[in-house]
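Enquirer: Straight run, no breaks: the sequence shown in the numbering used here ends on number 159.
For each residue, glycine too, the CB sits at the ideal point set by N, CA and C.
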Amino acid sequence: MANEIQFLLYSMPEEDGKVQVVIKDDTIWCTQKAMAQLFGVDKSGISRHIANIYKDGELSPDTTVAKIATVVNRGIRGEVEELVDFYNLDMIISVGYRVNSTKATRFRQWATKILNEYIHKGFVLDDDRLKQGTAVFGKDYFRELLERVRSIRASERRIWQQITDIYA
């Protein structure tokens, strides 16, 4: 599924809107317009933040923006296919940390909660995604999770074996 494009509608919690994102190359991509919807601000603000992110060297356009063919309604001309700039998850997160809005604050609170859980526990699980299987990125990560747990358990057994060898 590396080069396949899959569209996904993200339903914003406690809101009546949806944001269209694209899943491509194992990440999420969206337009400036979609980011503006997601964070509840004007598109010009998103554009300004993106320009500053590039200017500050925080991210590179080479890895964070891609032109994706999209059907656009052009009024009298009707629907036409155009290449539109889409920005990847790294950019969406960076913009989310710069935008000053209620929706962006909720995004930062969610991201901080996830990071705190990771720092405290050493892991974070998306239970629903693991139950779904291949629904989002076309890969089932449950098997990878099982392998990693087995690996941890195996190293735990080796430690206990060394301890019992010391006292034997």
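Once DSSP output is grouped into helix, strand and coil, what is the label at Ile143?
Expert: Position 152 of the sequence shown, counted from the start, is the residue given in the question as residue 143. The DSSP-derived three-state label of Ile143 is helix.
Enquirer: Of the choices Val86, Tyr109, Glu135, Arg99, whose alpha-carbon is the least far from that of Lys24?
Expert: Taking the sequence shown and counting its residues from 1, the one referred to as residue 24 is at position 33. When each option's Cα is compared against that of Lys24, the closest is Val86.
Enquirer: Quick one: Cα of Phe169 to Cα of Ser51, how far?
Expert: The question about residue 169 has no answer here: the residues shown for the chain are numbered -8 through 159.
Enquirer: Rounded to a whole number of angstroms, what is the C-alpha to C-alpha distance between Asp118 and Tyr45?
Expert: The sequence position of residue 118 within the sequence shown is 127, counting from 1. The sequence position of residue 45 within the sequence shown is 54, counting from 1. Cα to Cα, the separation comes out at about 35 Å.
Enquirer: Under DSSP, the beta strand (DSSP E) around Thr61 begins and ends at which residues?
Expert: The residue you call residue 61 lines up with position 70 of the sequence shown. Note, Thr61: beta strand (DSSP E), 56 to 64.
Enquirer: Could you check the C-alpha separation between Asn(-6) and Ala95 for me, to the nearest Å?
Expert: For the purposes of this step, residue -6 is identified with residue 3 of the sequence shown, where counting begins at 1. For the purposes of this step, residue 95 is identified with residue 104 of the sequence shown, where counting begins at 1. Since pLDDT at Asn(-6) reaches only 41, below the 50 mark, its modelled position is unreliable, and no value is offered.
Enquirer: Do Gly48 and Val90 count as a contact pair if the criterion is CB distance below 9 Å?
Expert: In the sequence shown, residue 90 corresponds to position 99, counting from 1. In the sequence shown, residue 48 corresponds to position 57, counting from 1. Not in contact: Val90 and Gly48 (Cβ atoms no closer than 9 Å).
Enquirer: Are there 16 or more other CB atoms within 10 angstroms of the CB of Ala161, so buried, or fewer, so exposed?
Expert: The structure shown has nothing for residue 161, since the chain only spans -8 to 159.
Enquirer: Could you check how far apart the C-beta atoms of Lys75 and Thr61 are, in whole angstroms? I think they sit under 8 Å.
Expert: Position 84 of the sequence shown, counting from 1, holds the residue named residue 75. Position 70 of the sequence shown, counting from 1, holds the residue named residue 61. Per the sequence shown, residue 75 should be read as Val rather than Lys. Indeed, because the Cβ distance is near 5 Å, the residues count as touching under 8 Å.
Enquirer: Locate the alpha helix (DSSP H) running through Asn43, then write down its first and last residues.
Expert: As a working mapping, residue 43 is identified with position 52 in the sequence shown. Element bounds for Asn43: 34 to 46.
Enquirer: Could you tell me the alpha carbon to alpha carbon distance between Val56 and Asn79, rounded to whole angstroms?
Expert: Numbered from 1 along the sequence shown, position 65 holds the residue referred to as residue 56. Numbered from 1 along the sequence shown, position 88 holds the residue referred to as residue 79. About 6 Å.
Enquirer: Can you tell which of Asp156, Trp20, Lys9 has the C-alpha that lies nearest to the C-alpha of Asp81?
Expert: Within the sequence shown, numbered from 1, the residue matching residue 81 stands at position 90. Among Asp156, Trp20, Lys9, the Cα nearest to that of Asp81 belongs to Trp20.
Enquirer: Where do the N-terminal and C-terminal ends of the beta strand (DSSP E) with Ile19 fall, by residue?
Expert: Mapped onto the sequence shown, residue 19 falls at position 28. Looking at the DSSP string, the run of the beta strand (DSSP E) that includes Ile19 is 18 to 21.
Enquirer: Could you please give me the residues that DSSP links to Asp76 through a beta bridge?
Expert: As a first step, residue 76 must be located in the sequence shown, where it is residue number 85. Answer is Lys58, bridged to Asp76.
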